[in-house]
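Peer 1:
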Amino acid sequence: MSVKIREIKTFWAFFPIFFVMALAIVGSLVYPLRIEWILLMGVVVTAFIALWQGYKWIDMEEAICRKIGEAWPGGMILILVGAVVGTWMFSGTVPMLIYYGIKWLNPHFVPLTAFFVAALISLFTGTSWGSAATAGVAFMGVASVLGVPLPLVAGAIISGAFLGDKSSPVSDSTVLAAIGAGANLYSHVKTMLATTVPAGIICVVGYTILGLQTPITNYTATGEALQIMDNLGQAYNFNIFLLLPAVVVIGGAILQISPVVVIFTSALLGLVLGLIFQGFSLTDGVQSMIAGFSTSMAPKLEGVEINATLASLLNRGGMLGMMSTLLFFSCSMTFGALLQLIGALGKILVVLSKIVRGVFSLTWATWAATLLVNTSVSSAQFTFLTMGPIFRDLYKKYNLAPSNLSRNMEEGATLTEALIPWTVTAIYLSGILGVPTLSYAPFVLFNISSIVVLFVLSVLYPGVKLGMPSLAAEAEDPLISLIRRAMGSMDNLSTIDACATRLRLTVVNPDLIDHAALAELLAMGHRTLINGGSVQIVLGSGAESVAKHLSVLT
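Numbered by my numbering, the letters in the sequence shown go through residues 29 to 582 in order.
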């Protein structure tokens, strides 16, 4: 006997989200509650609503497994990010960037140099916090000696750190923004260039002018900067080959190779380079990949006093170091799955649809919603995984690719959290750099100008479509194009579906199937099974994503 499912009321659709936000605020201001526990309480509340509606536990379990399964490629990327960070420390890739960034400092361009070095470190490590804690601290010491205004230098450091973090395919916030929006990671990074590049240019011009207007006294490297350089020089043998792991990541992004393959390859290359050039042992290399790098692995540093700030950056990484993020990821996906099951996301979408009247208001709504949620819970990752599914269908309604949503969420959460005094990020940056948030905020040119550029683009759309890719533009890739050709045409497809590893299609006329194209698919490792008008193509974990892209084109 089937059970009738009750339709959810608007109040109860919003209740789990506001419940979680309220707990998060209490956890920030009153009790130190972990966000994972708060999410689990949200899961409990939502589960009771689902039971009241008539759902069984097996329905909830299936919804959770399906949701986590869809997002698991992103989960693999998160784990491998830990591996690549650990092996880049092991190889000397990141330490070399820190060393030469400090050594080549031009005293007349302290803000501009701080901006570039912070951006590079953040780009290759995927952490704005780590960039501020290392290069940032060193530059603040130099600025103090030279008499350069500390709020200006702090703003330049934060701008560079967030430019790199926002553009890095190994940043957890970048990965989770793409997951939340249902966007391809590389498409997400590419779409962000429309705001990142103009904002970066504004920073170069702005920090050059501000730096030239600042009087410079005698330049003397701080004791801490000298100690950092001395430690790095003793521990590592620097050479051009140490940049190869970074070249692999950048090249993979340009060629749009699977992020899982690219990041894992880069991690293995880092391990090999550490063995060849740094004299580390294989055991330490494996340890760096799995559990993280430690300066205690460097034989040349035995008995040497290691700078604490430097150690805080180098002693990091490893797959195990990402387990807390993966736990948070799993809790968020579980919460989102139950919200979707009870129909809460659809009900919220109806409310938002009444507010949104075009691309400009959609951009505003996304930015404001992510800003509100993130400033309430101080977790951009939670914001992305919660708000992304809510807005997805609205972007589809306006024929905008998912990467527009992921980019807009980053503008509302990632780029604002350093400017709001009570967020965890702002508190951390203020403490590590020694400058109050409201003092450095006017000089964080990248974050401010990137947000301005976003709204300029939304005002110009659709007259100017720069940085606003359509669904069709993002859906078409070589594999999609080949599958379309293999099936004869999109008009020859009557149904499109997918299971965990297979794309399942039904064609109207089997005679139109292009067997030469099927042979190309087989050469790529994708076996095809045909039974009359039923076609199954083995694609692996990307099957559901391909099915979604094909559905967009029909």
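Beta carbons: idealized from backbone N, C-alpha and C, even for Gly. None of the values given here were measured: they were computed from a predicted structure.
1. Whose C-beta lies closer than 7 Å to the C-beta of residue 478 among residues of the same chain, with five residues either side of it excluded?
2. So, does the stretch 258 to 270 touch the stretch 316 to 332, judging by three or more C-beta pairs under 8 Å?
3. Given that a residue counts as buried once 16 or more other Cβ atoms are within 10 Å of its Cβ, and exposed if not, what is residue 306?
4. Considering only their Cβ atoms, is the gap separating residue 347 from residue 318 smaller than 7 Å?
5. Quick one: is residue 65 buried, meaning 16 or more other Cβ sit within 10 Å of its Cβ, or exposed?
6. Give the secondary structure of residue 525 by DSSP, where H, G and I count as helix, E and B as strand, and everything else as coil.
7. Cα separation between residue 497 and residue 197?
8. Considering only C-alpha positions, which residue in the set 209, 208, 167, 160 is nearest to residue 193?
9. Rounded to whole angstroms, what is the Cα-Cα separation between residue 542 and residue 312?
10. Name the residue from 416, 434, 109, 301 whose alpha carbon lies nearest to the alpha carbon of residue 199.
11. Would you call residue 35 buried or exposed, if buried means 16 or more other Cβ atoms sit within 10 Å of its Cβ?
12. How many Å lie between residue 489 and residue 365 at the Cα?
13. Looking only at DSSP bridge pairs, what is residue 531 linked to?
14. Specify the secondary structure class of residue 444 as computed by DSSP and reduced to three states.
15. Tell me the DSSP secondary structure of residue 212 in three-state form.
16. Among residues of its own chain, excluding the 5 on either side of residue 426, which ones have a beta-carbon nearer than 7 Å to its beta-carbon?
17. Could you please give me the residues that DSSP links to residue 498 through a beta bridge?
18. Pull up the DSSP beta-bridge partners for residue 559, would you.
19. Looking at C-beta atoms only, is the number of pairs between the stretch 35 to 49 and the stretch 66 to 79 that lie closer than 8 Å three or more?
20. Quick one: give me the first and last residue of the alpha helix (DSSP H) that residue 176 is part of.
21. State buried or exposed for residue 37, treating a residue as buried only when at least 16 other CB atoms are found within 10 Å of its CB.
22. With respect to the alpha helix (DSSP H) encompassing residue 269, which residues constitute its N-terminal and C-terminal limits?
23. Could you check which residue in 80, 107, 96, 61 has the C-alpha nearest to that of residue 345?
24. Residues in the same chain with beta-carbon distance under 6 Å from residue 435, minus the five sequence neighbours each way, listed in chain order, please.
25. With DSSP collapsed to three states, give me the class of residue 132.
26. Give the DSSP-derived three-state secondary structure of residue 515 in the structure shown.
27. Whole angstroms is fine: what's the gap from residue 408's alpha carbon to residue 216's?
28. Out of curiosity, what's the CA-to-CA distance linking residue 308 and residue 176?
29. Considering only the beta carbon of each residue, do residue 278 and residue 203 sit closer than 7 Å?
30. Taking only the alpha-carbon atoms, compute the straight-line gap between residue 209 and residue 368 and give it to the nearest angstrom.
31. Report yes if the CB atom of residue 119 is closer than 7 Å to the CB atom of residue 320, and no otherwise.
32. As a quick exercise: from 207, 445, 152, pick the residue whose alpha carbon is nearest that of residue 276.
33. Taking the alpha-carbon of residue 83 as reference, which of 511, 370, 526, 430 has the nearest alpha-carbon?
34. Pull up the distance between the alpha-carbon of residue 316 and that of residue 538, whole angstroms please.
35. Where do the N-terminal and C-terminal ends of the alpha helix (DSSP H) with residue 475 fall, by residue?
36. Candidates 546, 195, 182, 410: which alpha carbon is nearest residue 359's?
Peer 2: Judging by the given coordinates:
1. Sequence-distant partners of residue 478 (beyond 5 residues in either direction) whose C-beta falls short of 7 Å from its own C-beta, in its chain, are 223, 224, 227, 439, 443.
2. Here the stretch 258 to 270 lies against the stretch 316 to 332, with 3 or more beta-carbon pairs under 8 Å apart.
3. Per the 10 Å Cβ criterion, buried.
4. Contact flag set, yes.
5. Exposed: under 16 other Cβ atoms inside 10 Å.
6. Residue 525 sits in a strand when the DSSP states are folded into three classes.
7. When rounded, the distance between both Cα atoms is 19 Å.
8. Of 209, 208, 167, 160, the residue nearest in Cα terms is 160.
9. If you take the alpha carbons of residue 542 and residue 312, they lie about 52 Å apart.
10. Taking each of 416, 434, 109, 301 in turn and checking the Cα distance to residue 199, the smallest one comes out for 109.
11. With fewer than 16 other Cβ atoms within 10 Å, it is exposed.
12. Looking at the backbone, the Cα of residue 489 and that of residue 365 are separated by about 33 Å.
13. Beta-bridge annotation (DSSP): residue 531 is paired with 526, 565.
14. Note: residue 444 maps to coil in three-state DSSP.
15. Three-state result, residue 212: coil.
16. Cβ neighbours of residue 426 beyond the five flanking positions: 387, 390.
17. Bridge pairing for residue 498: 428 [DSSP].
18. DSSP output for residue 559 lists 562 as bridge partner(s).
19. Three or more Cβ pairs drawn from the stretch 35 to 49 and the stretch 66 to 79 lie within less than 8 Å of each other, which places the two stretches in contact.
20. Going by DSSP, residue 176 is part of no alpha helix (DSSP H) at all; its letter is neither H nor E.
21. Here residue 37 is exposed: its Cβ has fewer than 16 other Cβ atoms, across all protein chains shown, within 10 Å.
22. Residue 269 -> no alpha helix (DSSP H), and no H or E assigned at all.
23. Ranking the options by Cα distance to residue 345, first place goes to 107.
24. Within the same chain, and ignoring the five residues on either side of residue 435 in sequence, the residues whose Cβ sits closer than 6 Å to its Cβ are 219, 220.
25. DSSP, read as helix, strand or coil, puts residue 132 in coil.
26. Coil, per DSSP.
27. If you draw a straight line from the Cα of residue 408 to the Cα of residue 216, it comes to about 16 Å.
28. Distance between the alpha carbons of residue 308 and residue 176 is about 40 Å.
29. No, they are not a contact pair.
30. The straight-line gap from Cα to Cα measures roughly 14 Å.
31. No.
32. The shortest Cα separation from residue 276 among 207, 445, 152 belongs to 152.
33. Taking residue 83 as reference, the option from 511, 370, 526, 430 with the minimal CA-CA separation is 370.
34. Each residue's alpha carbon lies about 53 Å from the other.
35. That run of the alpha helix (DSSP H) goes 473 to 488.
36. Among 546, 195, 182, 410, the Cα nearest to that of residue 359 is on 410.
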